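Undergrad: Residue numbers (full-length UniProt numbering), protein chains in the order written: chain E, 1 to 215; chain F, 1 to 226.
Virtual Cβ for every residue (Gly too), placed ideally from N, Cα, C.
Here the structure is a predicted model, which means the values were calculated and not measured.
1) Using 10 angstroms around the beta-carbon of residue 28(E), count the other beta-carbons present and answer buried if the total reaches 16, otherwise exposed.
2) In chain F, what lies closer than 7 Å to residue 223(E) by C-beta?
3) Regarding residue 63(E) and the ligand NAD, is the C-beta to nearest heavy atom distance less than 7 Å?
4) How big is the Cα-Cα spacing for residue 33(F) and residue 69(E)?
5) Going along chain E, which residues have a C-beta under 7 Å from residue 201(F)?
6) Taking a contact to mean a Cβ-Cβ separation below 8 Å, would you say residue 168(E) touches residue 100(E) in this structure?
7) Please state the DSSP three-state secondary structure of residue 56(F).
8) If we count the other Cβ atoms within 10 Å of its Cβ and call it buried at 16 or more, is residue 58(E) buried or exposed?
9) What are the residues of the stretch 64–91 of chain E that lie near chain F, defined by any Cβ-Cβ distance shorter than 7 Å?
10) Below 7 Å between beta carbons is the criterion; list the residues of the stretch 167–200 of chain E that meet it against any residue of chain F, in chain order.
11) Among residues of its own chain, excluding the 5 on either side of residue 215(E), which ones have a beta-carbon nearer than 8 Å to its beta-carbon?
12) For residue 93(E), is the classification buried or exposed, using 16 other Cβ atoms within 10 angstroms of its Cβ as the cut-off for buried?
13) Any idea what DSSP makes of residue 64(F), helix, strand or coil?
14) Would you please verify whether the beta carbon of residue 212(F) is less than 8 Å from any beta carbon of chain E?
15) I'd like to know if residue 179(F) contacts chain E, where contact means its C-beta is closer than 8 Å to some C-beta of that chain.
16) Please return the same chain residues whose Cβ sits closer than 6 Å to the Cβ of residue 9(F), not counting the five positions on each side in sequence.
17) Less than 8 Å between the C-beta atoms of residue 100(F) and residue 43(F), yes or no?
18) For residue 85(E), count the other beta carbons within 10 Å of its own beta carbon; 16 or more makes it buried, fewer makes it exposed. Which is it?
19) Residues in its own chain within less than 7 Å of residue 33(E) by CB, not counting five upstream and five downstream?
20) Can the beta-carbon of residue 182(E) be found less than 8 Å from the beta-carbon of residue 53(E)?
21) Assign residue 218(F) to buried or exposed, taking buried as 16 or more other Cβ atoms, counted over all protein chains shown, within 10 Å of its Cβ.
22) So who's on the other strand from residue 36(E), going by DSSP bridges?
23) Listing by chain order, which chain E residues have their CB less than 9 Å from the CB of residue 52(F)?
24) By the 10 Å Cβ neighbour count, where 16 or more other Cβ atoms means buried, how is residue 191(F) classified, buried or exposed?
25) Is it the case that the Cβ atoms of residue 149(F) and residue 61(E) are separated by a distance below 8 Å?
26) Give me whichever residues DSSP pairs with residue 134(F) in a beta bridge.
27) Compare the C-beta of residue 230(F) against all C-beta atoms of chain E and say whether one is closer than 8 Å.
28) Would you list, in chain order, the members of the stretch 33–53 of chain F that have their beta-carbon closer than 7 Å to a beta-carbon of chain E?
29) Pick from 88(E), 36(E), 55(E): whose alpha carbon is nearest that of residue 46(E)?
30) Are the beta-carbon atoms belonging to residue 103(E) and residue 117(E) less than 8 Å from one another?
31) Which ranges would you report for the alpha helix (DSSP H) in the stretch 133–212 of chain E if only whole runs of at least 4 residues count?
32) Indicate whether at least one CB of chain F lies closer than 8 Å to the CB of residue 52(E).
33) If we require 4 or more residues per run, which alpha helix (DSSP H) segments fall completely within the stretch 9–87 of chain E?
34) Going along chain F in order, which residues have a C-beta closer than 8 Å to the C-beta of residue 205(E)?
35) Restricting to Cα atoms, I'd like to know which of 197(F), 127(F), 156(F), 94(F) is closest to residue 78(F).
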């Protein structure tokens, strides 16, 4: 057997388009690099609050830039990204609390479904401009990912339980402890160091760190 | 003759470490890709003001992240980046106005020296933790870049003239018109579109937009175009 796979934790929120880009790239590389990819559903609004940061979309020039950047990167990274018509409402008003609690429940009870369900939620909000806040929206994503209606409903019932709410809180706090001020963050656990990399545009550097382990 | 080189404008400020990373990568590729690299000395504090943004270093977690990010990227991009001891004072208090006015004067009178003098200013502030605000600091950088003492002094005298001050203002405004909220920005002029890319981490995407090959931040020199 070869060397032990290095653990990469990806903290993400489906509200974040850059999280989707990072997620897809790492999902492709998980079968190529000697890594163990751990998906960590987190709450971006909680990270903003804890760090004192604010969503970039609130600054007009950043919002304008984001729209273009996300579109171009979607094409380059081959992720079917399409901006929602009411971009600001989606990001700043509707949010992602139920969706991320649902993914937390999935991670706790059916972790093998976490990748697919996460993807279907991104496809709804960031590809087809569909809602991800209503119960039926979340169920539709889960079923599209291959969950039975029963299984999905069962998990949906749990999203307001203390167990699930606390787990999402803990994961979000863990991201904050790694220094997150936004999402996605990729935490690479190397032999004697831990590196937190912010954004979807540090993958080349990550590859270098996984091979060369500089001091 | 081949196709017309595409113009890339790099708007930068020596106060910005990410500007240095973007600058070195583009300087390496200017002899590999079919591009015409136009260096545009700009004033980052002016861009922050105009866009309503604030320096990332003002948010504690971003400051902490930056310090690590800039160090790791320096190693990966092979740029001798070393954080100044008093990081906050350099970025938030001392600033870069004289340095960028000097580079503006260089761009107007000795554009062939602009790359080297820019590099020497970055080496001072972001490699050797040396001042770039005092006249003698700026002269030292210019001389290290190969300017004669006379030439350098002559340009230094011009940095408070309306001509130079206005030129820096105009360049900074041009960056703002392209949508800048920080630096560096790379503006790629393609056949029928213009793309503004922010930061030093969009070079692979830039290669894709140009139809050129991305070979990482340290491309092999043997591919250099003669």
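TA: Taking the structure as given:
1) exposed
2) With chain E covering only 1 through 215, there is no way to say anything about residue 223(E).
3) The ligand content of the structure shown is nil, which means the ligand NAD is not present either.
4) 22 Å
5) 201
6) yes
7) helix
8) exposed
9) 64, 65, 72, 73, 76
10) 179, 181, 198
11) In this predicted model, residue 215(E) has a pLDDT of only 44, less than 50, meaning its place in the structure is not dependable enough to derive any value.
12) exposed
13) helix
14) no
15) yes
16) 38, 40, 187
17) yes
18) exposed
19) 210
20) yes
21) exposed
22) 7(E)
23) 59, 60, 61
24) exposed
25) no
26) Paired residues: none, contrary to the question.
27) The first residue shown for chain F is 1 and the last is 226, placing residue 230(F) beyond what the model contains.
28) 51, 52, 53
29) 55(E)
30) yes
31) 135–144, 149–157, 162–177, 203–212
32) yes
33) 17–29, 44–51, 60–77
34) 72, 73, 76
35) 127(F)
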